[in-house]
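*Asks:* Going left to right, the sequence shown walks through residues -19 to -1, 1 to 236 as mature numbering (1 follows the signal peptide of the UniProt record, and there is no 0) numbers them.
A virtual CB, placed ideally from N, CA and C, is assigned to each residue, including glycine.
Have a look at this one.
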Amino acid sequence: MHRFLFALALAGACASACAQDAPTPTEQETDALATAATRGVALWRLDRAAVAAEVVANDTRKFRKDERVTGFTTRQDGDAIVVSWVDTTPVALYRVRVGADGVAGELETLETPAALTPDEAAQARALAVAVPLVQPTCTESYRSLALPSGDARWSVYLLPVTTKEAVVPFGGSYRIDVADGAVASQRAYAKTCITLDTKPGTVATMVTSEGDATPTDVHVFWQLWSKTPMYVHTPRGLWAIQEGHAALLERPKGQ
């Protein structure tokens, strides 16, 4: 049955063919899917902004040579995202504003380093705690992004960076939750350095996640990043993610 459903997906027909027979997620699963969608979309927007801002910043020699820069923070400003590069203090040294369309403005060089907002400062501290804990294993480098998780807690995501075309570097993705300056929890999203193929003609990717009941925020992120529908097989069923939203297609036999 799984192969049949996936064959339908590859034919581009699964969404319509399975809609009437698809089981209904439990209330707990529905809540988990909503959280995954919200956080996954937020991650994707931050990543898109960071990439666009980095391209602009690297056009400036002074920025490229500035050894004070230790990382960056992100801040929502209306529909835009402000990317600020910081030092160890932390204070802002450079800024780029990225619009809702993903287009970056000019690099702002702060001749006098600027104080961060309280949230930016907390984010920088969380990143400083989390980033050194994970050494690149599946990739040469990570992009480190942080989302607030409530109660003064930050979730730091370490997402593999790749220069290869048509490759989704899903393996090597990590999340580290930081609270009160210390690690509260951490997890990897895959046991191996699995990559997903999105070469021309690919209409869907598929990944197995044995440790999750439902697709996670990182599944949603990579689906959006790849611009390709993703199918996630968990112990609780077969799920489809498209445009950042996950749906249950099938339960395992006996559930």
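Excluding the 5 residues preceding and the 5 following Gly218 in the sequence, name in chain order all residues of the same chain whose CB lies nearer than 8 Å to its CB.
*Replies:* The residue labelled residue 218 in the question sits at position 237 within the sequence shown. Within the same chain, Gly218 has close Cβ partners Pro4, Leu229, Leu230, Glu231, Arg232, Pro233 and Gln236.
*Asks:* According to the Cβ coordinates, are Gly83 and Arg124 closer than 9 Å?
*Replies:* Along the sequence shown, one-based indexing puts residue 83 at 102. Along the sequence shown, one-based indexing puts residue 124 at 143. No. Outside cutoff.
*Asks:* Rounded to the nearest angstrom, what separates Asp40 and Gln9 at their Cα positions?
*Replies:* Residue numbering aside, residue 40 sits at position 59 when the sequence shown is read from its first letter. Residue numbering aside, residue 9 sits at position 28 when the sequence shown is read from its first letter. Roughly 47 Å separates the two Cα atoms.
*Asks:* Note down, in chain order, each residue of its chain lying with its Cβ closer than 7 Å to the Cβ of Thr98, except the 5 sequence neighbours on either side.
*Replies:* To locate residue 98, count along the sequence shown from 1; it is residue 117. Arg56.
*Asks:* Does the distance from the C-beta atom of Leu139 to that of Ala111 stay below 9 Å?
*Replies:* For this step, residue 139 is matched to residue 158 along the sequence shown. For this step, residue 111 is matched to residue 130 along the sequence shown. In contact: Leu139 and Ala111 (Cβ atoms closer than 9 Å).
*Asks:* Excluding the 5 residues preceding and the 5 following Ala(-13) in the sequence, name in chain order all residues of the same chain whose CB lies nearer than 6 Å to its CB.
*Replies:* Here residue -13 corresponds to residue number 7 of the sequence shown, with the count starting at 1. With a pLDDT of 40 at Ala(-13), under the threshold of 50, the modelled position of that residue is not reliable, and the figure given next carries that caveat. Within the same chain, Ala(-13) has no close Cβ partners at all.
*Asks:* From this set, Tyr155, Gly182, Val142 and Thr179, which residue's C-alpha is nearest residue 239's C-alpha?
*Replies:* In the structure as shown, the chain starts at -19 and stops at 236, and residue 239 therefore has no counterpart that could be examined.
*Asks:* Given Gln223, which residues of its chain have a CB within under 6 Å of its CB, disregarding the five upstream and five downstream residues?
*Replies:* Counting from 1 along the sequence shown, the entry for residue 223 is found at position 242. Correct list, in chain order: Pro210.
*Asks:* Using the three-state DSSP reduction, which class does Leu126 fall into: helix, strand or coil?
*Replies:* Within the sequence shown, residue 126 is the residue found at index 145, counting from 1. Leu126 falls in the strand class under three-state DSSP.
*Asks:* So is Leu2 buried or exposed if we call it buried at 16+ other beta carbons inside 10 Å?
*Replies:* Reading the sequence shown from its first residue, position 21 is the one you call residue 2. Position check: residue 2 holds Asp in this sequence, whereas Leu was assumed. Exposed: under 16 other Cβ atoms inside 10 Å.
*Asks:* By how many angstroms is the C-alpha of Arg42 removed from the C-alpha of Leu74?
*Replies:* Here residue 74 is taken as the residue at index 93 of the sequence shown, counted from 1. Here residue 42 is taken as the residue at index 61 of the sequence shown, counted from 1. Each residue's Cα considered, the two are about 14 Å apart.
*Asks:* Please classify Gly21: does DSSP put it in a helix, a strand, or coil?
*Replies:* Counting from 1 along the sequence shown, the entry for residue 21 is found at position 40. Reduced to three states, the DSSP call for Gly21 is helix.
*Asks:* Compute the Euclidean distance between the alpha carbons of Met(-19) and Val213, then round it to the nearest angstrom.
*Replies:* As a working mapping, residue -19 is identified with position 1 in the sequence shown. As a working mapping, residue 213 is identified with position 232 in the sequence shown. Confidence in Met(-19) is poor, its pLDDT being 38 and thus under 50, which makes the residue's placement too unreliable to answer from.
*Asks:* Tell me which residue opens and which closes the beta strand (DSSP E) that Ser190 is part of.
*Replies:* Position 209 of the sequence shown, counted from the first residue, corresponds to residue 190. Counting along the chain, Ser190 falls outside any beta strand (DSSP E), and DSSP gives it neither H nor E.
*Asks:* Per DSSP, what are the beta-bridge partners of Arg49 in this structure?
*Replies:* As a first step, residue 49 must be located in the sequence shown, where it is residue number 68. Per DSSP, none; premise fails for Arg49.
*Asks:* Under DSSP, the beta strand (DSSP E) around Asp158 begins and ends at which residues?
*Replies:* Within the sequence shown, numbered from 1, the residue matching residue 158 stands at position 177. That run of the beta strand (DSSP E) goes Tyr155 to Ala160.
*Asks:* Going by DSSP, which residues form a beta bridge with Val63?
*Replies:* What you label residue 63 is simply residue 82 of the sequence shown in a count that begins at 1. Note: Val63 sits in a beta bridge opposite Arg56 and Arg78.
*Asks:* Hey, which unbroken runs of the beta strand (DSSP E) at 3 residues or more fall wholly within the segment 131 to 183?
*Replies:* As for any beta strand (DSSP E) of minimum length 3 sitting wholly inside the segment 131 to 183, the runs are 134 to 141, 155 to 160 and 163 to 169, ordered along the chain.
*Asks:* Count the other C-beta atoms from every protein chain shown that fall within 10 angstroms of the C-beta of Ser166, then say buried if there are 16 or more, exposed otherwise.
*Replies:* For the purposes of this step, residue 166 is taken as residue 185 along the sequence shown, with counting starting at 1. When all chains shown are included, Ser166 counts as exposed.
*Asks:* Alpha carbon to alpha carbon, what distance is there between Asp47 and Cys174?
*Replies:* Within the sequence shown, residue 174 is the residue found at index 193, counting from 1. Within the sequence shown, residue 47 is the residue found at index 66, counting from 1. Rounded to the nearest angstrom, the two C-alpha atoms are 33 Å apart.
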